Structures are given as C-alpha cells and as structure tokens.
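Participant:
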Amino acid sequence: MSRSSRRGSRKVAAVALAVSAGLFLASCADNGKDSGSGDNAESGSALAIGPVNEQSNEGNPVKGGTLTFSGYSAVTTLDPAKTQIAGSVAGSELGAIYDTLLRYDPTSQKFVPKLANSMSPSADFKTWTLQLRDGVTFSDGTPVDSAAVSGSLSRYVTNKGPQSSLYASKVASVATPDAKTVVFNLNDPWTGIESLLATGPGMIVAPTAQKGDQFTPIGAGAFTLEKFAPNEEMILDAREDYFGGAPNVDKLKLISIIGAQATTESLKSGGADAAYFRGLPNILDLIDSGYPGYVDIPSLSYLSLINSAPGRPGADVRVRQALALATDPVALDNRLNEGKGLPGQVIFQDGSRWHNDAAPIGVDTAKAKELLDQAKADGFDGKITYLTMQENSAQAMALALQSMANAVGFDFQIEYVNSVSDIVKRLYVDRDFDMSTGSANLPEADPFERLYSNLKTGGRNNATSFSDAQMDALLDELGVATSNDAKTAVLTKIQERATQVVPWQILGNSPWLGVWGKNVHGIQQSLDGIMFFDQAWKTN
346 MSRSSRRGSR KVAAVALAVS AGLFLASCAD NGKDSGSGDN AESGSALAIG
396 PVNEQSNEGN PVKGGTLTFS GYSAVTTLDP AKTQIAGSVA GSELGAIYDT
446 LLRYDPTSQK FVPKLANSMS PSADFKTWTL QLRDGVTFSD GTPVDSAAVS
496 GSLSRYVTNK GPQSSLYASK VASVATPDAK TVVFNLNDPW TGIESLLATG
546 PGMIVAPTAQ KGDQFTPIGA GAFTLEKFAP NEEMILDARE DYFGGAPNVD
596 KLKLISIIGA QATTESLKSG GADAAYFRGL PNILDLIDSG YPGYVDIPSL
646 SYLSLINSAP GRPGADVRVR QALALATDPV ALDNRLNEGK GLPGQVIFQD
696 GSRWHNDAAP IGVDTAKAKE LLDQAKADGF DGKITYLTMQ ENSAQAMALA
746 LQSMANAVGF DFQIEYVNSV SDIVKRLYVD RDFDMSTGSA NLPEADPFER
796 LYSNLKTGGR NNATSFSDAQ MDALLDELGV ATSNDAKTAV LTKIQERATQ
846 VVPWQILGNS PWLGVWGKNV HGIQQSLDGI MFFDQAWKTN
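Position 189 of the sequence shown, counting from 1, maps to 534 under our numbering, and the rest follow consecutively.
(1) Under the rule that 16 or more other beta-carbon atoms within 10 Å means buried, what is residue 492, buried or exposed?
(2) Taking residue 873 as the reference, give the member of 788, 399, 848, 575 with the closest Cα.
(3) Considering Cα atoms alone, identify which of 636, 707, 754 is closest to residue 719.
(4) Among residues of its own chain, excluding the 5 on either side of residue 465, which ones have a beta-carbon nearer than 6 Å to its beta-carbon?
(5) Which residues share a DSSP beta bridge with residue 448?
(6) For residue 538, count neighbouring Cβ atoms within 10 angstroms of its own Cβ and tell me buried if that reaches 16, exposed if not.
(7) Please classify residue 408 as buried or exposed, where buried requires at least 16 neighbouring CB atoms within 10 angstroms.
(8) Should residue 655 be labelled buried (16 or more other beta-carbon atoms within 10 Å of its own) or exposed?
(9) Using the C-alpha atoms, what's the distance from residue 729 back to residue 781?
(10) Residue 397 lies in the beta strand (DSSP E); which residues open and close that run?
(11) If you scan the region 611-679 from start to end, which runs of the alpha helix (DSSP H) of 4 or more residues do you find wholly inside it?
(12) In this structure, how does DSSP classify residue 839 when only helix, strand and coil are distinguished?
(13) For residue 817, which three-state DSSP category applies?
(14) I need the straight-line Cα distance from residue 592 to residue 685, nearest angstrom please.
(15) DSSP three-state label for residue 582, please.
(16) Spatial neighbours of residue 812 within its chain, please: C-beta separation below 6 Å, excluding the five flanking residues on both sides.
(17) Just how far apart, CA to CA, sit residue 804 and residue 604?
(18) Taking the alpha-carbon of residue 703 as reference, which of 669, 842, 880 has the nearest alpha-carbon?
(19) Taking DSSP as the reference, what is the three-state secondary structure of residue 383?
(20) Beta carbon of residue 883, beta carbon of residue 410: below 8 Å?
(21) Between the region 679-694 and the region 859-877, can you find at least three pairs of beta-carbon atoms closer than 8 Å?
(22) With DSSP as the reference, label residue 430 as helix, strand or coil.
(23) Can you name, in chain order, every residue of its own chain whose Cβ lies under 6 Å from the Cβ of residue 432, other than the five neighbours on each side?
(24) Taking its Cβ as the centre, do 16 or more other Cβ atoms sit within 10 Å of residue 571, making it buried, or is it exposed?
(25) Would you call the region 632-640 and the region 850-870 touching, i.e. three or more CB-CB distances under 8 Å?
(26) How about residue 645 and residue 851: are their beta carbons less than 8 Å apart?
(27) Just to check my reading of the structure: residue 448 and residue 462 have Cβ atoms closer than 8 Å, yes? What is that Cβ distance to the nearest angstrom?
(28) Kindly indicate which three-state DSSP category residue 747 falls into: helix, strand or coil?
(29) What are the boundary residues of the alpha helix (DSSP H) that includes residue 476?
(30) Exposed or buried, what is residue 508 when buried is set at 16 or more other beta-carbons lying within 10 Å of its beta-carbon?
(31) In terms of residues, what are the limits of the beta strand (DSSP E) holding residue 793?
(32) Could you name the residues of the same chain whose beta carbon sits closer than 8 Å to that of residue 762, not counting the 5 residues immediately before and after it, in chain order?
(33) Flag this pair as touching only if the region 512-530 and the region 480-491 have three or more C-beta atom pairs under 8 Å; answer yes or no.
(34) Give every residue of the same chain whose Cβ lies closer than 6 Å to the Cβ of residue 863, excluding the five residues on either side of it in the sequence, and list them in chain order.
(35) Near residue 547, what residues of its chain come up, given a Cβ to Cβ distance below 7 Å and the 5 sequence neighbours on each side ignored?
(36) Could you tell me whether the Cβ atoms of residue 442 and residue 560 are closer together than 8 Å?
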C-alpha cells in the first residue's frame, strides 16, 4: 500500500468516527434520576420515532426570502466522495446542491424517487434497474444521463468514499443500455442498494465537476453555491431551472451553531429557521414549545466500545460479559438524564420496527463478579482504562461506569483527552484504548450497512477489532435477506449472538430532532436525518 493510500484510508476512517463519536458526545450532554435494568419498557421518555407538532392548513407556499439552517456540524468539503453523508455531517447541505437519486420516506418506510424517476429490482433482487427523468440537467446545463450517473458512482469508488467498499463488494457491474437507464448487476441478492443511492453514492456529481485536482460542486440539486467559508457558513442560490420547479426560497444560509442550548435559543429568537441537533433536554423543550419537526431514534446510538484486540482486557469474552452484567443502563439514565432517556441493552428497542424478542444480557452483579474472578484466576489483573473527553457530561458518564465496574471488582481507571479528534485518532487510527465512548447509529431504513461495518471482522468501522465467525456468517446472511420478515429473523439471531459474545456494551439510544420554526413549511425528511429544502417556504 502506498503512503497516499494509507493517508486516504486513515482520513476516511477518521471522518467516519468523527460522526459517531460526535453524536455520542452530544447525546450524553444531558444531566440527571429512578431504577431498573434491561430493555426500555420502563423508560421515562415519551419520545417515539415520527413527526411532532404536525402542521395543518399550511396554505399556499410563499415565494422569496432566505431560509437559515443550522446543521449539527460544520461542512468542511463540498465533495460527497470525501465525507460521510448523514444528517449530522453534510447530508442536508450537500443534498441541496446534488440531490440524491432516491429519498427515504419515513412515513411509508419506503424509498421513493428523488432525482431518479424509478428504481425496481428483478424477482431475485440481483438486478436493479434505475430509470432517470427526462430533461434533468446539472447546474452547468449538462444532462443527467446514465453515463453521468455511472461515472459519478465510479468516481465515488475510485476516491474511496466512505461507503465505497460495500458498494464495490456488492455491485458486480453497471450497464447503461440507453441514456435514461442504469442497470446494477449484483453479486448476491441485496436490497441495501436503495439505501446507498439515498446517501453519499446517490449524490451525482457532474462529469464537468473534476478538472485535474480542481473540484467544482456541480450537481443537479435545487441550489447552487454562492459562498463557501469552511467551518463557518455556506450560501446557496435557488436554481430557476431545477427539474422539480424553482425552489420557493431565494437562498439557503447553512451554518452550524455549536451546542444544543445555543441552537434552541437561535430557533426561538429567529436566528435559525431550521436545525438538526441532539441534546435531550433541548429536544423536549422545543417539542413542549410546539415546534414542528421529526424525531428519529437510531439504534445502537449509546455505547461503550470494548477493545477486544489481543493483549487488551476485552480480548477475554468473560471480561466483556462482566462489564455488561455489572452496568445498569436505567440507573445510568436516572443519574445522568433524570430518567428521561432511552436506556436499554438490546440492539433494537421496542420503538424500532426491527425490535425482536431476543433477551438482553441483563444486569447481574453476582454473575459479573464470578466471571471477573475466573478471568483473574487466569492472569487478568482487573485493570481496564476508559478513554473519554475532558468535558462535564462525559466525565459524569465515566464516573458512573467506574462506580458500577469497581463494585464487582474491576480496577476501572479513566483517561481524559481534550477533543473529539483525540478520541478519533486513538480509536480509529491508533486503536490505542481499552474502552471508550461510541455509537453505531443504525438507521431504521436499513441497519445492515452499519452493522456490517461495525461488527464484521475487519469492518471499516470495527474499532474494537471484534471478530467472531458466527457473527460474520449472520452478517452475510443479513446482507442477502430481501424481506422485512427475513431481515428481522436474522437480526434476532444477531441479538442472541451479541448477548453471548458482547461486541460492545449497549447502554441505550439517543434521539435526534430535525426541527423548524412554526412559520416554516415544506421540509422533507430522508434517510439518516437528511433534510431537503427544495419545497421549503416560510412566512413572515
């Protein structure tokens, strides 16, 4: 492998973790009290996946004005092949420039056409045919045809985009029999291609965008770039020739306000018209205040990662089991979130359509002590170090975990670092940690991709070096499941195996809120928190 290849792969890994680590740290930036253990049935939170404070009698769209959107993190690149695409990182912002071929409709729980006209599978789900719309152009006037789509996807793989390895492993070939048709020939049955085409790979970059090392953001979305100040703001202009009709607003102003409290205050004062953020107290505040929006609760969004690489304490499954059995997620939630969170030990809580009846590992301090004593008898000294941020909520979490682990006989130590980037480097580049904060953030639409990358032996986001032949086989089985019933059956077996081998310490879930002002209308939701503004409008 060349030096440039190593740098590229490390950069992608760092971006991916910046998403998950950042989301985790935001999710636990709440403080707080009740008791219990296991799944989420007794949770004090009334949050559920779906719309809140739905607007009615919205009237006719009003033309003009600027809509200001505060994203969770600042945009650092305009190239969808160079960043993880999610609601939390560049998804809504770059979606405004490029659109996506498909959009996930959370109401129908189906993928629907966006830039594309249709997408349909063969009977065996090994061939998918994408039909493009007539007359669609990129912002430079060149056509969005099958050659452009195929070329953009090839560019994404060549540039090692964050989802490129999965795409390359699943797609055997791409055919373009005519200007409006793209045919994906797969190695195996697979439904997840819809998910990919609703995120980064589905953001089609114009053939004219790349000139040598010079990249210009030329897409087919509803807006074009006027100004880009990295880590500060983006200003986008509406396209009069957008295939769906000229947007209602004249401009989009895209910013990132740091912190849930500051974001909430900006929404209430009118400084921001819409936002995407996490932070339980502020989410509840805005919902109680009548702000419309959409709540999503990605699964596995609240974890402790346990490094199971050889030489680490977590290499012994008994140590991982003891840590899980010693930790009561509900007690943690009572202590940190006043009992308002979503604690639990299962991958899919009962608000998820993938919820199943597989039992969690439970809380059993006597069993935890027994397993730990067995590991100590075989030479383990009981010491384990937890890596976290030098920040109040992160410290509170670390101290709570320390108290529970030490109560069964661990020597649980805490190491603090100053920034998320420090954690990123330690987890995903150096792999130098025993335990740390983490999340997988499995989307409801299709949990396979992130389960695969986080659990599979050698997976792109498998920071813990977890490796289990049975789990690998189950992940492969999930990858070729084509019905929801078949997927749920495999996910049940994955939960059962995870309870046995404890790839991570599951603590619960963390909600996010896509929210907008009461005078804002027409924002569309998609996969993973991505929001579209081509139909958005606002009143004075």
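Note that the Cβ used here is the ideal one computed from N, Cα and C, for glycine as well. Everything numeric in this text was worked out from a predicted model, so none of it was measured.
Facilitator: In short, the structure shows the following:
(1) exposed
(2) Check the Cα spacing between residue 873 and each of 788, 399, 848, 575: the tightest is with 788.
(3) 754
(4) 474
(5) 457
(6) With 16 or more Cβ atoms within 10 Å of its Cβ, residue 538 is classed as buried.
(7) exposed
(8) Classification for residue 655: exposed.
(9) 11 Å
(10) Here the beta strand (DSSP E) through residue 397 covers 395-397.
(11) 625-633, 662-671
(12) helix
(13) helix
(14) 39 Å
(15) strand
(16) 802
(17) 31 Å
(18) 842
(19) Per-residue confidence for residue 383 stands at a pLDDT of 38, beneath the threshold of 50, marking its modelled position as unreliable; no derived number is given.
(20) yes
(21) Fewer than three Cβ pairs drawn from the region 859-877 and the region 679-694 lie within less than 8 Å of each other, which leaves the two stretches out of contact.
(22) Coil at residue 430, not helix or strand.
(23) 621, 873, 874, 875
(24) exposed
(25) yes
(26) Closer than 8 Å, so yes.
(27) Not quite, the Cβ-Cβ distance comes to about 13 Å (not below 8 Å), so this is no contact.
(28) helix
(29) No alpha helix (DSSP H) contains residue 476, which is instead part of the beta strand (DSSP E) from 472-477.
(30) buried
(31) Following the DSSP letters along the chain, one finds residue 793 in no beta strand (DSSP E) but inside the alpha helix (DSSP H) bounded by residues 793-800.
(32) The beta carbon of residue 762 sits closer than 8 Å to the beta carbons of 732, 733, 734, 735, 768, 771 from its chain, once the five residues preceding and following it are set aside; these are given in chain order.
(33) Yes, the region 512-530 touches the region 480-491.
(34) There are no such residues.
(35) 445, 446, 447, 541
(36) no
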